[in-house]
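Peer 1: Below you will find the structure I want to go over with you.
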C-alpha cells in the first residue's frame, strides 16, 4: 500500500513521540492539540445526527413551509368551490319549489310583457 | 434542491391524500338510499351523465325534501326533469332571472304567478310578437 505524505509524516511523529524526552511545554501543547482535534471530531460533520441536523432539517423546514402554503392555497380554493356549490344548490332548490314554473324565468317575452304592464 | 424536493414529497403526501378524500366521487345511483332514489326518480336516466358537482347538488336538494311543504314537494318533483334537461346556459339564465325577481316586493312577487297565467292566456301569435320584439 502506498502511503500519503501525511501518513508518512504522522508515522515519523509517532516514532519520535515514542522515544519520549518531550519538555513539559511540548507535552502540554500536544495534549491541547489532541483535545482540540478530538473535540472537532466529536462535533464535526461526520456524525449521522449532525448530517441530519445540518443538511436535512433546513430542507425539511423549507419543504414543510412550501407544503403548508400549497395546502392552504388548495384548501382555500376547495372551500371556495364548495361554498359556491352550496349557494348554487340552495338557489336551485328555491327556484324549483317556487310558485313560478321554470319557463317563466326563461321566457324573454314574459319579462318584456311584465315591464309593459301598468303596475297595480 | 434534491433534498427539498424529497422532503416536499414527504410533507406533501398527506395533503394530496386529504385532497383526494375531499374530492371523492359522489354516490352512484345504486349507492343512493332507497328514499333518495324515490325523490330523485325523475332524473334517474340523467344521473350517469351528470358531473360530480351536479350530483352533489341533487343529493343536497333531495336531503331537504322532507322539510318541504307538500306544494313545494310537488313543484320539485314535476320540475326536476325539465331542469336537468336544460343546458348550463339556460340554467344560469333562469338563476339570474330568479335572483333578479327575488328583489321584487313580496306583494308584487305573489302576483307574478297570476301574471304568468295571464301571459300564457294571450293568443300565441301575440306572445310570439312580444318575443320577436325582444329578440330584435
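Protein chains in written order, with our numbering: chain A, 1 to 120; chain B, 121 to 256. Backbone N, C-alpha and C fix where the C-beta goes; we use that ideal spot for every residue, glycine too.
1. For residue 205(B), is the classification buried or exposed, using 16 other Cβ atoms within 10 angstroms of its Cβ as the cut-off for buried?
2. Under 8 Å Cβ to Cβ from residue 11(A), same chain only, skipping five residues before and after it: list those, please.
3. Are there 16 or more other CB atoms within 10 angstroms of the CB of residue 98(A), so buried, or fewer, so exposed?
4. Taking residue 198(B) as the reference, which of 170(B), 215(B) and 163(B) has the closest Cα?
5. Is there a Cβ from chain A that is less than 8 Å from the Cβ of residue 201(B)?
6. Between residue 109(A) and chain B, is the shortest Cβ-Cβ distance under 8 Å, so that the two count as touching?
7. Rounded to whole angstroms, what is the Cα-Cα separation between residue 176(B) and residue 118(A)?
8. What three-state label does DSSP hand residue 117(A) in the structure shown?
9. Which class does residue 145(B) belong to by DSSP, given the choice of helix, strand or coil?
10. May I ask you to verify whether the segment 185-193 of chain B touches the segment 65-83 of chain A, counting CB pairs closer than 8 Å and requiring at least 3?
11. Would you give the residue range spanned by the alpha helix (DSSP H) that residue 185(B) belongs to?
12. Could you check what DSSP says for residue 231(B) in three-state terms: helix, strand or coil?
13. Determine the DSSP secondary structure at residue 224(B), reduced to helix, strand or coil.
14. Can you give the Cα-Cα distance for residue 77(A) and residue 251(B), rounded to whole angstroms?
15. Are residue 95(A) and residue 215(B) closer than 8 Å when you measure CB to CB?
16. Do residue 104(A) and residue 178(B) come within 8 Å of each other at the CB atom, strictly closer than that value?
17. At which residues does the alpha helix (DSSP H) containing residue 154(B) begin and terminate?
18. Cβ closer than 8 Å: which chain A residues qualify as neighbours of residue 184(B)?
19. For residue 201(B), which residues of its own chain have a beta-carbon under 7 Å away from its beta-carbon, when the five flanking residues on both sides are left out?
Peer 2: On the basis of the supplied data:
1. exposed
2. 3
3. buried
4. 163(B)
5. no
6. yes
7. 42 Å
8. coil
9. coil
10. no
11. That residue, residue 185(B), is in no alpha helix (DSSP H); it is neither H nor E in DSSP.
12. coil
13. coil
14. 41 Å
15. yes
16. no
17. 154-159
18. 93
19. 162 and 163
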